[in-house]
Each structure stands twice: as structure tokens, then as C-alpha cells.
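> Residue numbers (the numbering used here): 525 to 1113. Each residue gets a CB set at the ideal place from its N, CA and C atoms; glycine is no exception. Would you mind keeping the following structure in view while I ask a few things?
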């Protein structure tokens, strides 16, 4: 049986490996053919402005396997040289006998890719293709050779198939030949190789030849002319406008990004008035005039508000927690909640939460936490509605936030300016920034003085919770601590410390500091050999971390979130394969 299991595993692994191998092979199959002949004729001339022009005719004879593998070939021709466009135009694609063949083009990096063939037809055996295209500004002046040069890659360094024979002929038209300076070179190999090859003089120019080129090998020719034979590239008005637009987009994108950061920073600052926070002093008890839910909204801690509020109900003896199953390696702990006290004296937002999670509000009503998920959608809708009511109370009855007309006006003005600029400059980033600005203006409700006081109090409570235990005890024993607690805490009386720590536990959860707080509280429970009176379970000590994790998991479930050309000349001997313009590459498809 064991041997059979091993065989099954090995067979499964083999299938997976072969599947991966077959995918790799299939990707490479379309380049599994040969180019028998690659003949190129270049016709170099000057236009009326003295700018170089080039007509290229490529005759390619490809030999495909005698089965359905390829639809045809792809020829990638670079569209630019020396940092500017060559105005590439494909004039024709034929079968070498003057008959047009089907082709399409697409852009890939800086290449115009000419895809020849039909997607519903395969080709086999020998196929001939003739591609004609025109370019301009294909020469440049090189300071190191003090000459103009036609420095050009022929087939290019990106051909993924072998080439048996390559022949490239450069023909001079007009009076171009009279400007030659006698320097011409040829280079052969992969990109960067500088192996010399033979360049021969013809009746109207030069020719280069090569045989048995491996994939990605190329032939480059460099022919020198007297300086100023060709007019330097001059950007057209359209080119200049395009370059200016690109530069403008870089600038406006940067400005838009900065403006977005400013909007975000100012929204946070104005919303919480942090710049006016002043000195924060430690606080030892929950705020008297605000529920955990309100505190979470003011302190922007909505993600932990639900679990913190449930613990708050428990430590205030409105709800009792029952642990019905211990946590195991495979299963989480399970809890049930029971209402043990009349909720009529709770704040309105607290009563809403009780009504949302319990089937009834009478004392004795019990709920399994696992059942909460069954009504997740309904509860989410209820919570969303409650949040709207809470926001209304915070801005109205509770007087913690105000409309902030002055602050909103600033956002509106800045956003309007950004919107106008985005329209004038056609800048997407400025448009996005303007939208963010308008959104900030719409949703901004800055804290009132009363709200700022609550925020400051919560900062002080967080400071106290985050303090080391020894320092906390020292704070409690101080006159300031006694004044805040209305009585001096006997730090040697563990029961007094437990009651104090229990009252603050919901806020430790709210601030995300429950692990350390629970650890200390657990040590106090252990020293008393007791567990909280609002908790019943299998463990001797209530684990707030596990309970909080279980609540947060539920809370999460109900929270919906919306190759470069050479800079030196090649005609004098300092060139290399792939260092010129043109070239490109190709393959099958």
C-alpha cells in the first residue's frame, strides 16, 4: 500500500511537471522555424531641407515546419532614433511577387510591430514576405568622429530565430555619395559585440553580408559623411507641443500629488484640530460624558469600536459573557452573550447596538456569537443606519463636531482652482486632486471645543494605558491621580486595581492595546484566584485577547469596503552590434 501511494504521488508530480513543460514549449514553438534569406535594401537621400530620408525594402524568406504551428511572422521596427521619432510609415507588405498580404500593426515598447498573416490560417514550408517602410532623420553628427553618420542596425538584435543568410545593401540617392568621408565599418554579433565584419563597395553604395546568424545576432553598418551633410533633426511644431505637454504633465502630476497630500493632511488636521491639542495629561478612567461608540467616532477607531463596546457592556454589568468552547488548534473559542440588566438607562447609541445584536432586549435574553454571522447583512445595514444617527447626534445634540464653514470654504476654493487647472492642462492628477478637495469640503466636520476636550481626554487615557505598569502605579499614588479618581487607590489592594483595570479594558481594546493590558489584568485575576464576575467559562481567567479577536473577526465580516543607440560614432571603428538606429527584431506567431 505504501509503495502504491509513492507511485501515485510520483505520477501526480510527473503530470504537473509535464504540464508546466508543455506550457513552456508551446510559448517557444512559434519561433521554431528558420529564416533562409533576409535581404535588405536601404535608399538614403536628403529632402529639400537637407534632412536624411530612408526607404527600406526587406525581403524575408522563412521556412516553417510542415504542420500547423505558425500564422506568419512578426517584424518589430524601432520608431525612434537618437531620442526622436523617425516618422516611421509602413508603405506596403507583399508576398514578394507584388501581391498584398494581410497584416496588422501594434505598439510594443518603442517598436512598431508588423504582424503578417491571418489568425484563422496556418502557413507551412517556405513563405516569402516583402516589407517596405519609410523613415526620416536617420543620421546624426558624432563629435568623436567629427562626421555625420548613417549608423544602422540591419536585422536587429531582437530576432528570436536563426538566419541562414543576411544581405544588406545601402544605396545612395541624389548627391549623397559625393559627401562620403571614406570611413565605413561593419560589426557583427549580439547586442554590444564589436566583432568586425566586411563591408564592400558597390556601384551605388555599400553592402554587408553574413551567414548562419544565431538568434539575437545582428549586423550593424556605420558609414561616415562630411560634417553637416545632413541637417540636424528639427522638432516640428507638433513635436514641440507634444514634448511641452509631456513636461507639463510631469509638473502637474507632481503638483497634483502634492496638493492631494495637502488636502489629506489639512483634512486630518482640521477634522481633529490636532494643532490645537495642547498639553496632554494622563487620564485614568473612561470619559464620563461619552460612550465607547462616541469615543471611537471622535478618535477615528471605528474598526475596533464594536468589540470594545461589547466589553464595555460586560464590565458595566449589562451583559454577561459565557465561553462555551475553548480555543483549539483547529477551532476558535466560542462565546455567548446574555443581557443581565435593564438597558433603559443606556445612551441611545448603546441601546441601538443591543437591539441590533440581540433578538430581544429583556433581561435573560441570550445570543450565541456564531449566530451573529447568520444575520451579517441585516446587521450591517442596521449598523450603517446607526452610524448615521450617531453622526447626527455628534454634530447636533452632543455638540462634538460643527459644520466648519471657514474650513470648508478653503477646500472649495483650492479644489475649484485645481479643477480649472486640470481642464486647462488636461491633467488627470490635478482633476483627481480637485475631486478629493471637493470631497473633503463636503465631509469635513471639525471638532468643537467640547469635541476637542474629549479628544484630548482620550489621548490622555491612551497615554496612561500605554505606560509601563510601575509608572502606572506611581501615577495612581500621586495627588493628581487621587484627585482624578475621587479617592486614593491602594496599589497594594489587588481587588481595587482589578476594578479600575476592568473599567479601562474597553478602551485598551479600542486603542489596540488589549494584549498588554489583558496580560496585566490576568496576573491580577490569577493572584486573586478569580475570574471577572461578568464572565463565565471553562478557563479560570477571562482572555480578553481571544474574545476581542473573535468579535473583530465578526466585525470584519460585517464591514464592507467599498537596446539604446550609441553616443559615439561607429564609422571610425568604435561601434558595436546593436549600437545604431533601426534594426529591431521579430519572430513567429
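1) Please work out which residues of its chain come closer than 8 Å, Cβ to Cβ, to residue 980, disregarding the five sequence neighbours upstream and downstream, and give them in chain order.
2) Residues in its own chain within less than 6 Å of residue 1061 by CB, not counting five upstream and five downstream?
3) Rounded to whole angstroms, what is the Cα-Cα separation between residue 951 and residue 777?
4) Do residue 559 and residue 600 have their C-beta atoms within less than 7 Å of each other?
5) Taking the C-alpha atoms as reference points, what is the distance between residue 656 and residue 774?
6) Are the segment 866-885 and the segment 906-925 in contact at 8 Å, needing three or more beta carbon pairs?
7) Just how far apart, CA to CA, sit residue 958 and residue 826?
8) Excluding the 5 residues preceding and the 5 following residue 670 in the sequence, name in chain order all residues of the same chain whose CB lies nearer than 8 Å to its CB.
9) Tell me whether the beta-carbon of residue 1131 lies closer than 7 Å to the beta-carbon of residue 675.
10) Is residue 718 closer than 7 Å to residue 711 when the C-beta atoms are compared?
11) Grouping DSSP H, G and I as helix and E and B as strand, with all else coil, what is residue 638?
12) Suppose you measure from the CA of residue 615 to the CA of residue 781; what does that come to, to the nearest Å?
13) Just the Cα atoms here: how many angstroms apart are residue 812 and residue 942?
14) Would the beta-carbon of residue 856 fall within 7 Å of that of residue 987?
15) Quick check on the DSSP output: what are the complete beta strand (DSSP E) runs of length 3 or more inside the segment 923-972, in order along the chain?
16) Please determine, among 787, 895, 679 and 844, the residue with the shortest C-alpha to C-alpha distance to residue 734.
17) At the level of alpha carbons, what is the spacing between residue 577 and residue 932?
18) Got a sec, what are the start and stop residues for the alpha helix (DSSP H) residue 646 sits in?
19) Contact between the segment 830-845 and the segment 1027-1039 is defined here as three or more beta-carbon pairs at a separation below 8 Å; is this criterion met?
20) Sort 888, 633 and 1023 by Cα distance to residue 1054 and report the nearest one.
21) Residues in the same chain with beta-carbon distance under 6 Å from residue 665, minus the five sequence neighbours each way, listed in chain order, please.
22) Quick check for students: name the residue ranges of the alpha helix (DSSP H) that lie wholly in the segment 722-804, counting only runs of 4 or more.
23) Look at residue 1196 and residue 984 and say whether their C-beta atoms are less than 7 Å apart.
24) Spell out the partners DSSP gives residue 841 in its beta bridges.
25) Would residue 922 pass as an interface residue toward chain D - the criterion being a Cβ-Cβ separation below 7 Å?
26) Express the C-alpha separation of residue 965 and residue 818 in angstroms, rounding to a whole number.
27) Shortest alpha-carbon distance to residue 691 belongs to which of 822, 1019, 561 and 738?
28) By a C-beta neighbour count over all protein chains shown, 10 Å radius and 16 as the cutoff for buried, is residue 682 buried or exposed?
29) Rounded to the nearest angstrom, what separates residue 574 and residue 699 at their Cα positions?
30) For residue 598, count neighbouring C-beta atoms within 10 Å of its own C-beta (all shown protein chains included) and say buried if the count is 16 or more, exposed if not.
31) Three-state secondary structure (DSSP) at residue 507?
32) In this structure, how does DSSP classify residue 590 when only helix, strand and coil are distinguished?
33) With respect to the alpha helix (DSSP H) encompassing residue 883, which residues constitute its N-terminal and C-terminal limits?
34) What's the C-alpha gap between residue 883 and residue 920?
Quick look at the numbers:
1) Here residue 980 refers to the residue found at position 456 when the chain shown is read from its first residue. Excluding residues within five positions, the ones whose Cβ falls inside 8 Å are 801, 802 and 804.
2) Counted from its first residue, the chain shown places residue 1061 at position 537. Cβ within range, chain order: 847.
3) The residue you call residue 951 lines up with position 427 of the chain shown. The residue you call residue 777 lines up with position 253 of the chain shown. Using only the alpha carbons, I get a separation of about 7 Å.
4) If you number the chain shown from 1, residue 559 lands on position 35. If you number the chain shown from 1, residue 600 lands on position 76. Result no, Cβ atoms of residue 559 and residue 600 do not sit closer than 7 Å.
5) Within the chain shown, the letter at position 132 stands for residue 656. Within the chain shown, the letter at position 250 stands for residue 774. Answer to the nearest angstrom: the Cα atoms are 37 Å apart.
6) yes
7) Position 434 of the chain shown, counting from 1, holds the residue named residue 958. Position 302 of the chain shown, counting from 1, holds the residue named residue 826. Rounded to the nearest angstrom, the two C-alpha atoms are 27 Å apart.
8) Taking the first residue of the chain shown as position 1, residue 670 is located at position 146. Hits under 8 Å: 751.
9) Residue 1131 is absent from the model: the chain starts at 525 and stops at 1113.
10) Taking the first residue of the chain shown as position 1, residue 711 is located at position 187. Taking the first residue of the chain shown as position 1, residue 718 is located at position 194. The answer is yes: Cβ separation under 7 Å.
11) Position 114 of the chain shown, counted from the first residue, corresponds to residue 638. In this structure, residue 638 counts as strand in the three-state DSSP scheme.
12) By one-based count along the chain shown, residue 615 stands at place 91. By one-based count along the chain shown, residue 781 stands at place 257. Between residue 615 and residue 781, the C-alpha separation is close to 43 Å.
13) Locating residue 812 in the chain shown gives position 288, where the first residue counts as 1. Locating residue 942 in the chain shown gives position 418, where the first residue counts as 1. The straight-line gap from Cα to Cα measures roughly 44 Å.
14) Numbered from 1 along the chain shown, position 332 holds the residue referred to as residue 856. Numbered from 1 along the chain shown, position 463 holds the residue referred to as residue 987. Between residue 856 and residue 987, the gap from beta carbon to beta carbon reaches 7 Å or more.
15) DSSP runs (the beta strand (DSSP E)) wholly in the segment 923-972: none.
16) Here residue 734 corresponds to residue number 210 of the chain shown, with the count starting at 1. When each option's Cα is compared against that of residue 734, the closest is 679.
17) Numbered from 1 along the chain shown, position 53 holds the residue referred to as residue 577. Numbered from 1 along the chain shown, position 408 holds the residue referred to as residue 932. When rounded, the distance between both Cα atoms is 60 Å.
18) Working through the chain shown from its first residue, we reach residue 646 at position 122. Neither: residue 646 is in no alpha helix (DSSP H) and is coded neither H nor E.
19) yes
20) As a position in the chain shown, residue 1054 is number 530, starting the count at 1. Residue 1054 has its Cα closest to that of 1023, out of 888, 633 and 1023.
21) Looking up residue 665 in the chain shown gives position 141. Answer for residue 665: 672, listed in chain order.
22) 761-796
23) The requested residue 1196 is not part of the displayed model; the chain covers only 525 to 1113.
24) Taking the chain shown and counting its residues from 1, the one referred to as residue 841 is at position 317. Paired residue(s): none; residue 841 is not in a bridge.
25) The structure shown has no chain D; it contains just one protein chain.
26) Here residue 818 refers to the residue found at position 294 of the chain shown. Here residue 965 refers to the residue found at position 441 of the chain shown. So the two alpha carbons sit approximately 23 Å from each other.
27) Within the chain shown, the letter at position 167 stands for residue 691. Ranking the options by Cα distance to residue 691, first place goes to 561.
28) To locate residue 682, count along the chain shown from 1; it is residue 158. With 16 or more other Cβ atoms within 10 Å, it is buried.
29) Working through the chain shown from its first residue, we reach residue 574 at position 50. Working through the chain shown from its first residue, we reach residue 699 at position 175. Approximately 11 Å, taken between the alpha carbons.
30) Working through the chain shown from its first residue, we reach residue 598 at position 74. Answer is buried; the Cβ neighbour count reaches 16.
31) Outside the displayed span of the chain (525 to 1113) sits residue 507, for which this structure offers no information.
32) For the purposes of this step, residue 590 is identified with residue 66 of the chain shown, where counting begins at 1. Coil, per DSSP.
33) Taking the first residue of the chain shown as 1, we reach residue 883 at position 359. Residue 883 -> no alpha helix (DSSP H), and no H or E assigned at all.
34) Reading the chain shown from its first residue, position 359 is the one you call residue 883. Reading the chain shown from its first residue, position 396 is the one you call residue 920. Rounded to the nearest angstrom, the two C-alpha atoms are 30 Å apart.
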